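Colleague: Here you go, one structure.
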Amino acid sequence: MNRKLEVKDLITIGVYTAIYFVVFFMCGMLGYIPVFMLLIPFICPFVAGIPFMLYLTKVDRFGMVTITGLICGIMMFLTGMSWPPIFTGIGFGLLADFILKSGRYQSAGKTVLAYTVFSIWLMGAMLPLYFMRDSYFAAMIPTYGQEYVDILMAYTPAWSFYALTVTAALGGLFGALLGKSVLKKHFIRAGLV
937 MNRKLEVKDL ITIGVYTAIY FVVFFMCGML GYIPVFMLLI PFICPFVAGI
987 PFMLYLTKVD RFGMVTITGL ICGIMMFLTG MSWPPIFTGI GFGLLADFIL
1037 KSGRYQSAGK TVLAYTVFSI WLMGAMLPLY FMRDSYFAAM IPTYGQEYVD
1087 ILMAYTPAWS FYALTVTAAL GGLFGALLGK SVLKKHFIRA GLV
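Quick note on the working numbering: the sequence shown kicks off at 937 and runs consecutively.
Below, the structure is given as structure tokens:
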């Protein structure tokens, strides 16, 4: 079987990435409330797990999830986030592609694991909050106001980055399980059960 990406694969990537990103982005709007910023790493992958798991029933070529990660990272950058999601999108997309390939694109367990790992890409958007803290918060003040920044700083001590990374993986895991159960007939048809 030819494993090179074809035009139909690129169309599949485009359609499902657009759906995933819209759902993901809408959930990310909760970040306008400071306390919900800490829930985004769980909520976004959890809710977006349904369309992404449907997408994974269509993935049968290496590189499809990596391209999705790249597109999502670029979209985050274009919508006002910083640049790290581009690289985390590529990195975790590549890891997910290797996981899917190791299951020959037919393993339900590897599909769940791939989405769990891929979901960590969103932590790229959180990197500046922890590792470029002063400039990140200074840039937020004109848009969000000092009160929002003070609350967010209080809720995000340095150790919370690691907790949020685990939370993102858990959001991905539970989102994958939710997506798999909601889309069970698609998994059966794709031979992933």
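Each residue gets a CB set at the ideal place from its N, CA and C atoms; glycine is no exception.
These numbers were taken from a predicted model, which means no experiment stands behind them.
Put tyrosine 1041 into one of helix, strand or coil per three-state DSSP.
Modeller: coil
Colleague: Does the beta-carbon distance from glycine 1107 to phenylalanine 988 come in below 7 angstroms?
Modeller: no
Colleague: With a 10 Å radius around its C-beta and 16 neighbouring C-beta atoms as the bar for buried, classify valine 1053 as buried or exposed.
Modeller: Its Cβ being crowded by 16 or more others within 10 Å, valine 1053 is buried.
Colleague: Out of curiosity, what's the CA-to-CA distance linking isoleucine 1056 and threonine 1024?
Modeller: 8 angstroms
Colleague: Helix, strand or coil for proline 1021? Go by DSSP, reduced to three states.
Modeller: helix
Colleague: Between methionine 1076 and leucine 1088, what straight-line distance do the alpha-carbon atoms span, to the nearest angstrom?
Modeller: 11 angstroms
Colleague: Please report the distance separating the alpha-carbon of isoleucine 1124 from that of glutamate 1083.
Modeller: If I take the Cα positions, the gap works out to 50 angstroms.
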